[in-house]
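A short worksheet on the structure shown next.
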Amino acid sequence: ASGDWSSDVCSSDLEQALEKFKAYNATAAASPQSHYFAAQVLMRMKVADSLIVAELDKALEIAEKPYKGGDVAAVLELRAYYNEKLGNVRAAVLDYNDYEQIVGSNRLSAQFYALRALLAEKARIYQVAIDDFNSAIARATNSEEREDYRINRALLCLRVRLWDDAIATAQQALAENPQAADAYKIIGVAYGEQQDRARALEYLTKAQQLGDENATTLLQKYSALPANRKASATGRTTAPAKRGSAAARKR
């Protein structure tokens, strides 16, 4: 059997179903799928998320290594979801990495890579996040999605002080949508952080004209820069080192 087994069980039968799964999973016949079904019963019982993760851990403990098969992929995807809920974002990224290995990158959507990018960013695995935003952009099915992913990527580049990369990514967004206020703002901030007052004010003024609510505050900040100060050499222009295993904003 496959799918959400517990969806066919009445709430009054859930405890009995769980006891049957516990008994079955205590035998040599236990499988990742049987533990997955037990986890689904726990979900229906609305138990603590940590107990659901513990059941999914058991499924993966007995799974064949390296992981393979749709049953194991389903376990990994569900555990990633609950790890994220619990704030274990690095563990969620690792689960999605294993899920990708089973399913294959050619079968995964832009949304998958955007989600993992955001989790990797939270986990401070910045190069993985940048790479995943690249994958999301490449798989986007429309210009609105591409713009959103590019803006998120550019914001991440600002966070890790990759000024040139932030500017280039935001310029790509503007090439498709010249009215993208966020893109102008990002470029303005990147120039401002490099002490390029004229360009910072030029792009932030455009963002303000397009209705960006934060542009006025940023204009005040960067207006205080010396008029002819050269760009600082302290900003990073190379990619951050990868940390950890290779694993939509709106700010």
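The sequence shown begins at 53 in the working numbering and counts up one residue at a time. Glycine included, C-beta positions come from ideal geometry on N, C-alpha and C.
Residue interval of the alpha helix (DSSP H) (run including residue i)
i    : result
S102 : 101-113
Y165 : 162-174
R191 : 178-191
M95  : 84-96
Coil, strand or helix - residue i by DSSP
i    : result
L256 : helix
L138 : coil
L214 : strand
N266 : coil
A78  : coil
E152 : helix
N229 : coil
N194 : coil
Q246 : coil
A125 : helix
Y236 : helix
L277 : coil
Y119 : coil
R159 : helix
Which listed residue (the options) has its alpha carbon closest to that of residue i
i    : options                : result
K137 : A100, A169, D109, E173 : A100
Q153 : A172, L262, V124, S86  : V124
I238 : Q247, L207, D216       : L207
M97  : L160, Q231, E71, Q224  : E71
Y274 : A172, A252, E265       : A252
L108 : A115, E116, Y88        : Y88
A81  : E196, L66, A111, F185  : A111
V93  : A144, E113, A69        : A69
Q272 : G263, T257, Q261       : T257
Q163 : N149, A192, A225, V155 : A192
I219 : Q260, G156, E245       : E245
The segment 98-107 / the segment 118-128 touching (three or more Cβ pairs under 8 Å): no
Any 3 or more C-beta pairs closer than 8 Å across the segment 180-187 and the segment 165-172: yes
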